[in-house]
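Just add 8 to wherever you are in the sequence shown, counting from 1, and you've got our numbering.
Report on one structure; see the data block that follows.
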Amino acid sequence: MHILFLAPHPFYQDRGTPIAVNLILRVLAERGETVDVLTYHEGSQVQHPGMTLRRIRFLPFIRNIRPGFSFKKLLCDGVMMIHALLLARKHHYHVVHAVEESVFMALLIKTLFRIPYVYDMDSSLPQQMVESNVCFRPFLVMLSFCESLAIKRAKAVVPVCDVLGDLARRHGAQEVSILQDIPLLEGGCSPELSKKDVEAERERITITYVGNLEPYQGIDLLLESFSLLTRYVDHADLVIVGGTKAHIQRYEQKSRNLGIGGRVCFWGAKPTDQLAFFLAKSDILVSPRIQGNNTPMKLYSYLQSGKPIVATNLPTHTQVLTDRVAMLVGPDPEAFSRGMLCLIQDSALSQALGEAGRILVEQHYSFASFRAKVNNLYDWLASTLVSESKQEEYFHSPYSSI
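What follows is the structure, encoded as structure tokens:
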């Protein structure tokens with residue numbers, strides 16, 4: 009199968025969507041598919057057998073493109089659409105695999121060239137845009153209509169979580185195949201790593217957050233709750249791994265304003281192969297996200313680590329987490345600080361939650377499971393497209409009216 013894979017973001021980068029895209033490309037390479045990947049001008053090189061990486065024209069005035077909606081992305085998407093149309097006209101693709109907003113490019117390609125597409129749905133685009141800027145709120149109905157149209161016209165929709173799957177079904181998706189993310193720890197947090205790199209007998213408690221520092225992640229909530237925690241616990245430190253330089257400077261200033269500057273350490277962005285080290289150093293892992301429906305990719309690595317988790321009790325978390333595997337609390341500083349304090353004071357509960365989380369991810373969120381879901385989707389696509397091709401040949405045959 010010849011696939012046009014649209015990835016509207018810097019690729020490759022060590023963050024959510026590009027990581028998930030790379031995992032899908034890995035499975036498609038194992039299948040022996042021929043894949044043309046069209047992506048932004050930014051990102052490091054990645055290569056898989058049968059894959060050709062194509063980038064949009066270099067835009068020197070657009071750099072450091074962040075996750076979420078932005079005018080930088082809008083400009084890049086405009087250039088990317090032109091590239092996508094030229095590729096679709098030149099090559100005889102069997103299907104377009106469209107990630108996030110590139111689904112609208114795929115919709116146009118289907119209209120012009122009759123090439124079916126798969127919608128790789130990592131979020132609800134109208135919700136994401138409204139949450140990023142209230143100026144889009146008056147256009148919510150129109151944006152929702154566009155999203156609904158893209159979903160209905162897709163050959164299949166591949167949501168990243170159950171909430172988005174339900175949304176796709178409500179909009180009339182022909183086929184829904186939920187493809188959850190998976191943990192990124194090769195072999196988990198090994199006892200050897202924990203013993204070597206962590207002083208197991210130390211008295212201080214390390215609370216760790218991993219991820220970008222965009223507003224929807226709830227870093228303000230995290231810092232405010234940690235400030236409250238320090239009133240009752242004087243031996244806890246907060247470690248934050250990820251973020252741009254500008255974000256780090258902002259939150260370092262907020263930490264100082266809250267009087268916790270000496271207790272918060274910002275490590276900046278780190279490659280995924282160092283994730284196991286930071287999780288092994290941790291006693292408690294936190295995910296204070298306050299917006300969005302998609303499950304944070306970090307959650308699966310958190311679970312795999314076997315460390316206890318404190319997370320907000322919002323759909324972004326609760327479609328994977330339950331009270332049996334995590335400390336779920338309200339999205340406010342008082343509740344979040346109480347959750348962290350509870351785990352610090354109750355080591356038995358911390359251990360039980362961590363172990364239950366590790367078992368959950370091993371049973372349901374392995375790479376083998378991920379591979380099987382991608383294979384099932386593309387096996388179904390291949391058989392469906394062949395069947396439709398035969399029907400079309402029949403109805404255009406001079407003997408079809410006999």
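Every residue, glycine too, gets a C-beta built ideally from N, C-alpha and C.
Asked	Found
Buried or exposed for A2, please, with buried defined as at least 16 other CB atoms from any protein chain shown within 10 angstroms of its CB.	This structure cannot speak to residue 2, because the chain is shown only from 9 to 410.
Under 8 angstroms Cβ to Cβ from I11, same chain only, skipping five residues before and after it: list those, please.	L36, E41, T42, V43, D44, Y101, H102, V103, V104, H105
Are there three or more Cβ pairs, one per stretch, closer than 8 angstroms when the region 234-253 is compared with the region 336-353?	yes
Just to confirm before moving on: does the CB-CB distance between L336 and T216 stay below 8 angstroms?	no
Mapping the DSSP letters down to three states, classify Y402 as helix, strand or coil.	Any reading at Y402 must be qualified, since the residue scores a pLDDT of 41, below 50, and its modelled position is unreliable; the value itself is stated next. Note: Y402 maps to helix in three-state DSSP.
Three-state secondary structure (DSSP) at V328?	coil
From the DSSP output, which residues share a beta bridge with H179?	Bridge partners of H179: none, in fact.
Three-state secondary structure (DSSP) at Y127?	strand
When we look at the beta-carbon of D189 and count the other beta-carbons within 10 Å, is it buried (16 or more) or exposed?	buried
Under 8 angstroms between the Cβ atoms of V328 and L307?	yes
With a threshold of 8 angstroms on Cβ separation, who are the neighbours of K118 within its own chain once the five nearest residues in sequence on each side are excluded?	V104, P124, Y125, R161
Have a look at R122, I227, E108 and flag the residue whose alpha-carbon is nearest the alpha-carbon of L8.	Because the chain is modelled from 9 through 410, residue 8 falls outside the range shown and cannot be assessed.
Look at A96 and F121 and say whether their C-beta atoms are less than 8 angstroms apart.	yes
When we look at the beta-carbon of Q21 and count the other beta-carbons within 10 Å, is it buried (16 or more) or exposed?	buried
Give the straight-line distance between the Cα atoms of L201 and S309, rounded to the nearest whole angstrom.	A caution first: L201 carries a pLDDT of 44, below 50, which makes its placement in the model too unreliable to give a value.
In whole angstroms, what separates the C-alpha of Q257 from that of G180?	45 angstroms
From I90 to S78, what distance separates their C-alpha atoms?	19 angstroms
L31 to L151, Cα distance in whole Å?	29 angstroms
Take G276 and list the residues in its own chain whose beta-carbon comes closer than 8 angstroms to its own, dropping the five residues that flank it on each side.	V249, G250, G251, K253, I256
Which residue wins for smallest C-alpha separation from G58, given the options R74, F66, W388, M9?	M9
Let me confirm a value: E370 is counted as buried when at least 16 other C-beta atoms fall within 10 Å, else exposed. Which label applies?	exposed
In terms of alpha-carbon separation, which member of A164, L83, Y127, L175 lies closest to Q135?	L175
Thinking C-beta only, is V333 closer than 8 angstroms to L283?	no
List the DSSP bridge partners of M335.	V318
Just confirm the distance between the C-beta atoms of F344 and P296, as a whole number of angstroms; I'd bet it's less than 8 angstroms.	6 angstroms
Quick check: what's the CA-CA separation for R71 versus R62?	18 angstroms
Looking at C-alpha atoms only, which residue of R271, P75, C154 is the closest neighbour of L411?	Residue 411 lies beyond the residue range present for the chain, which begins at 9 and ends at 410; the question has no answer from this structure.
Keeping to the same chain, check which residues put their C-beta closer than 7 angstroms to that of N220; ignore five residues upstream and five downstream.	R23, P75, G250, G251
May I have the straight-line CA-CA distance separating P18 from Y48, to the nearest angstrom?	5 angstroms
I268: which of P279, H325, V241 sits nearest, CA to CA?	V241
Which two residues bound the contiguous beta strand (DSSP E) that contains S110?	Note, S110: premise wrong, no beta strand (DSSP E); not H, not E.
Using a Cβ-Cβ cutoff of less than 6 angstroms, which residues in the same chain neighbour S131 once the five nearest sequence positions on both sides are dropped?	N302
Can you tell which of A390, L393, F378 has the C-alpha that lies nearest to the C-alpha of P191?	F378
First and last residue of the alpha helix (DSSP H) that includes A244?	Per DSSP, A244 belongs to no alpha helix (DSSP H); it is in the beta strand (DSSP E), 244-249.
Pull up the distance between the alpha-carbon of L385 and that of K315, whole angstroms please.	33 angstroms
Report the residue ranges of all beta strand (DSSP E) runs contained in full by the region 232-320; include only those spanning at least 3 residues, in chain order.	244-249, 272-276, 292-295, 317-320
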